[in-house]
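Everything below concerns the one structure shown next.
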Amino acid sequence: MSNGLPPGHRKLNSDAATFKDGTVGLSFVVRDEHGMVLMAGSKRCHSAGSSTLAEALALRFGLEKTREAGLGRVQLESDSKILVKNCSGSSSGDAHVMMIVEDLKSMVNIVHGIEISHCRRDAQCSPYSRSSWNECKF
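Heads up: the sequence shown begins at 53 in my numbering, then just goes up one per residue.
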């Protein structure tokens, strides 16, 4: 089964969650063009402040691990429309979010061929559907 990615490309989906104790969970999964999981990870950290900042930290965490694994041609996906707009330059966020966005952009210069897209939360970010994405390139 194909997920719409060209051969040799991967998709990194990230997400963040806030727990009752105030900590934040950051997670990611990387799939190949067939939807097979190549790698995944999660970690818990102190409060990130805003949900957009938590989403940005999750995306950076996933991209760091993807880069460490030597994976290129990666499409980034987040359910944070605000973060995607911040990354595309069509919007600016608070200073903390924009620092993470700048980190992401500098990492993209090392890992070539990266796009970022928004996937509606209610679409559950299926690796096999592109109908709900808004795409932009760094």
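Yeah, the Cβ is synthetic: ideal placement off N, Cα and C, and Gly gets one too.
Nothing here was measured: the structure is a model prediction, and the numbers come from that model.
Buried or exposed (CB count within 10 angstroms, at least 16 for buried), residue i
i	result
lysine 157	exposed
cysteine 97	exposed
threonine 70	exposed
aspartate 73	exposed
aspartate 131	buried
serine 181	In this prediction, serine 181 has a pLDDT of 38, which is less than 50 and means its spatial position is unreliable; nothing more can be read from the coordinates.
leucine 57	buried
isoleucine 162	Because isoleucine 162 carries a pLDDT of 49, less than 50, the predicted location of this residue cannot be relied on, and the following value inherits that uncertainty. Exposed, because fewer than 16 other Cβ atoms sit within 10 Å of the Cβ of isoleucine 162.
Cβ neighbours of residue i in the same chain (closer than 6 Å, five flanking residues each side left out)
i	result
leucine 90	Val82 and Asp84
glycine 114	Leu64, Ser66 and Phe80
lysine 117	Gly93
Proximity below 8 Å, CB of residue i to CB of residue j
i	j	result
leucine 105	isoleucine 152	yes
glutamate 78	alanine 121	As written in the sequence, residue 78 is leucine, which differs from the glutamate given in the question. In this structure, alanine 121 does not lie closer than 8 Å to leucine 78 by Cβ.
alanine 68	glutamate 107	yes
According to DSSP, residues forming a beta bridge with residue i
i	result
valine 81	Asn65 and Ala92
valine 76	Thr70 and Cys97
valine 126	Arg62
Residues near residue i by beta carbon distance below 8 Å, same chain, minus five either side
i	result
valine 76	Ala68, Ala69, Thr70, Arg96, Cys97, His98, Ser99, Ala100, Ala106 and Leu109
methionine 159	Arg112, Leu115, Glu116 and Arg119
serine 103	Ala68, Thr70 and Ser132
aspartate 155	Arg112
alanine 147	none
Residues near residue i in its chain [Cβ-Cβ closer than 7 Å; skip 5 each side]
i	result
arginine 125	Gly60, His61, Arg62 and Gly165
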